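Letter by letter, the sequence shown follows residues -31 to -1, 1 to 690 in mature numbering (1 follows the signal peptide of the UniProt record, and there is no 0).
Note sheet for the following structure.
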Amino acid sequence: MFAPSYTCCLRRFFRVLALLPFLLAVLQARAQAPDTVDVTASEQRIAEALQVYHDPSATLTLDQVQTHRFTPNGTGTVLQPGKTVHWVRVVLRNPSDREQMRLLYAGDWSHIELFQQTGAGYTLKRTGRLLPIGERDVPSYKSYIRLELLPNSTTTLFLRLQSDIDLYKPQGLQVQLLLPEQVSAANSDRLFGQGLFIGIILVMTLYNLVLFASVRDRSYLYYVLALLGTGLYFMFYHGFALELLWPNSPLWNAHSFPFIVTFNGLFRVLFTRHYLNTQRTMPVWDKMLTLLALLYILPVGMGLLSYFTPLDLLQACVSLIGIIGGLVLLAMVLTSIQSLRQGYRPALYFLIANVFFVVGALLFILKENHLVPDNLVTVYAAQVGVVAQVVLFSLGLAYRLNTVTSELNAKVLEKERLEREKETERKLLIEQQKNELEVMVANRTAALRHRTQELKDTVRKLKASEHKLRRLNYFKDRFFSIISHDIRTPLATLESFLNILVNFSDKMKPEQMQKLATHTQVSVRNLQALLENLLQWSTAQTASGHHVRFEPEALQVAELVNRNVTLLKDTADTKQIAWQVEVPMQLQVRADAHMLDFVVRNLLHNAIKFSYPGGLIQVSAEEGPGNMATIAVTDQGTGVSPDVLATLFKLETPAMATKGTINEKGTGLGLLLCRDFVERNGGTIQVETALGKGSRFYFTVPLVIPEQATDKQLQLEGEIC
């Protein structure tokens, strides 16, 4: 009687035994499942939540790698050199109710592939330091990848991090999530700071080039070439060389620094030898400097081998260049100390200038070799030292020039004294030579002053050009901001109306069709007004006010006002707005017809936009003092808030676009153009407003004086004859 029970238990045991592998697999998956990271509203650094799989074969695909075991990221582990591939998995969750945009940065890897989970599978995005800028997901010198996180969603990311050269392999695995505005602000700071630095380098290069052209001293030429090498190196370091010089050659960009640093170091050595005159006064030190210059052959050879062969020598090349550079810097300081001990006064400026530069450059070299932390001091100390060196070297070169000139004058005077003692008959000849020398020095000094003035003029022109470029860049940003934000809404409205007509026209009643057509017409007119304002503003700004046609003529104010009231009647009818027009029929003004028509139409359109349904708009015109006519548009709408009123009509701080009483949109450009057009016609535009009670916009234009009307009539009669 116990046999059936025993058999049942045995069956249950085998069933549990069969499910055991599946349970182990589930537990294993749970054990290696990555932690979910909530995306916050600030910058995030993710390291511990990463799951890692090291792919030694570098051949696994996404489907294959998902079958392997991922392990927690070792935050203290330093990645070993060599060509490797690392797979990183992380789960991100967007807990907010809106879509979030982030820029992901995983470090300076040769190639980066991001697989982001979507409803249809995984999407692939690529970037990396060895990928041309145009092929990167975000076209930047840094390896950013754009992430779009849907509201209240969770997504899994797989990162394939490939290191082809040791130079492009971080020491650890870490992921940063940056806000787009943070990246934009950092890039703006980079452009401003490095632009200022390069500007200083260029100005001082031109200055010393002018000195070289004036005095033909090779010290100035060597210093100019050394400055150019310094500027080129920091362009390479901060990404400008890749962005501007060779954007499609990232491999060459990685191998270019040995040649740039060698160029800079060689001319610094040549400048030191020639400035301190080591070949004549310190032959031992001169040989040491020459030997250091020859050492630069090694990094150049390593760079060529690494570029043309499979050998990866770049990281070793960085270390070697750091050692050679440090020796060159120390040799420059020691040589200047020895020269100063021998009584050569210009060496004092050389020594002081190099102290600042050497300290900054050594910190930078130690940072590049990971011997000191990477922070603002170690990154920018070398550039600060370069600026200090440039200024002090310029003083030293000027002092050296004065010293050479003084020595030359002393030699001439000594020669005159000796010649007077030896031969009296040569006195007149010596005096003539002295006068010729003084004339030559005076001419050289005058030429130097002239070149200095030319340099100042060039700097002033560069500053003016920079101001103009910033202004044009602001207009470009404003233009594209309007295109991307303000045109999208009316187009979306039109698309929705058309979709309703296409899909539901057979089910709609006539009054519904009429209502939809009316809304569509209003949207089209709003879009037309937006485009007209945008084009008018773009033309006025890009032409800088010098090429916009201005043709004043006698105009009938009543005709112009009535024409625009009729044009906007349908728009006003949609809000049941009434008109009250009080314009004398005989009132004539002298203005450009197109500009005045634009001003009246924009003021009427704004009055409709900010009027409440069932309101009243008053249009009046009258003669005023000083042969000027005043044209006013008054509404009973929302009025203008004090903060917007403070920026109204101002190009420097343009008012933000404000929605109308039924959410009509605008660009904020109409009133800027109105002010521009009114002032071109010799008038002014003003506003009186009370918040919640309405506004009165009024402007003045010149009246037609009888003599002008008579002259125009005679001219027309002459043309008819």
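Glycine included, C-beta positions come from ideal geometry on N, C-alpha and C.
All of these numbers come straight from a predicted model, not from anything done at the bench.
Could you check whether residue j and residue i sit closer than 9 Å to each other, using their CB atoms as the reference points?
{"i": "S132", "j": "L48", "result": "yes"}
{"i": "T247", "j": "S188", "result": "no"}
{"i": "N233", "j": "A195", "result": "yes"}
{"i": "L190", "j": "F181", "result": "yes"}
{"i": "A562", "j": "E592", "result": "no"}
{"i": "R559", "j": "P675", "result": "no"}
{"i": "L261", "j": "L296", "result": "yes"}
{"i": "L130", "j": "H207", "result": "no"}
{"i": "R71", "j": "L147", "result": "yes"}
{"i": "Q85", "j": "L126", "result": "yes"}
{"i": "V647", "j": "Q587", "result": "no"}
{"i": "A75", "j": "I114", "result": "yes"}
{"i": "L100", "j": "H80", "result": "yes"}
{"i": "G198", "j": "I229", "result": "yes"}
{"i": "G663", "j": "S580", "result": "yes"}
{"i": "N323", "j": "Q358", "result": "yes"}
{"i": "T304", "j": "L211", "result": "no"}
{"i": "Y91", "j": "I102", "result": "no"}
{"i": "V568", "j": "L614", "result": "no"}
{"i": "F333", "j": "A351", "result": "yes"}
Could you check what DSSP says for residue i in three-state terms: helix, strand or coil?
{"i": "K256", "result": "helix"}
{"i": "H563", "result": "helix"}
{"i": "S153", "result": "helix"}
{"i": "Y265", "result": "coil"}
{"i": "K138", "result": "coil"}
{"i": "F161", "result": "helix"}
{"i": "Q1", "result": "Confidence is the limiting factor: at Q1 the pLDDT is only 43, short of 50, which leaves the residue's position unreliable and the question unanswerable from this model."}
{"i": "R386", "result": "helix"}
{"i": "P479", "result": "helix"}
{"i": "V341", "result": "coil"}
{"i": "I586", "result": "strand"}
{"i": "T278", "result": "coil"}
{"i": "T44", "result": "coil"}
{"i": "M597", "result": "strand"}
{"i": "E82", "result": "strand"}
{"i": "D32", "result": "helix"}
{"i": "F579", "result": "coil"}
{"i": "Y244", "result": "helix"}
{"i": "M554", "result": "coil"}
{"i": "W221", "result": "helix"}
{"i": "A300", "result": "helix"}
{"i": "I469", "result": "helix"}
{"i": "D24", "result": "strand"}
{"i": "residue 691", "result": "Past the edges of the chain, shown from -31 to 690, lies residue 691, and the structure says nothing about it."}
{"i": "L672", "result": "strand"}
{"i": "C690", "result": "Reliability fails at C690, whose pLDDT of 40 lies under 50, so the model's placement of it is uncertain and no value is given."}
What do you get for residue i, buried or exposed, if any count of 16 or more other CB atoms within 10 angstroms of its CB means buried?
{"i": "E82", "result": "buried"}
{"i": "M271", "result": "buried"}
{"i": "D426", "result": "exposed"}
{"i": "V408", "result": "exposed"}
{"i": "D542", "result": "exposed"}
{"i": "E337", "result": "buried"}
{"i": "F203", "result": "buried"}
{"i": "H224", "result": "buried"}
{"i": "N650", "result": "buried"}
{"i": "V673", "result": "buried"}
{"i": "Q401", "result": "exposed"}
{"i": "K380", "result": "exposed"}
{"i": "N404", "result": "exposed"}
{"i": "S465", "result": "exposed"}
{"i": "A598", "result": "buried"}
{"i": "S610", "result": "exposed"}
Decide yes or no for the touch test of the stretch 58 to 78 against the stretch 105 to 122: beta carbon pairs closer than 8 Å, at least 3 of them. yes
Tell me, please, whether the stretch 257 to 266 touches the stretch 293 to 306 by the rule of three or more beta-carbon pairs shorter than 8 Å. yes
Should the stretch 523 to 535 be regarded as contacting the stretch 548 to 560, the criterion being three or more beta carbon pairs within less than 8 Å? yes
Decide if the stretch 568 to 580 is in contact with the stretch 602 to 620; the criterion is three or more beta carbon pairs, one per stretch, under 8 Å apart. yes
Between the stretch 38 to 54 and the stretch 9 to 19, can you find at least three pairs of beta-carbon atoms closer than 8 Å? yes
Check whether the stretch 464 to 483 touches the stretch 207 to 217, taking contact to mean three or more Cβ pairs, one atom from each stretch, closer than 8 Å. no
Where are the beta strand (DSSP E) runs, 3 residues long or more, that stay fully inside the stretch 72 to 136, in chain order? 80 to 87, 90 to 96, 113 to 118 and 122 to 132
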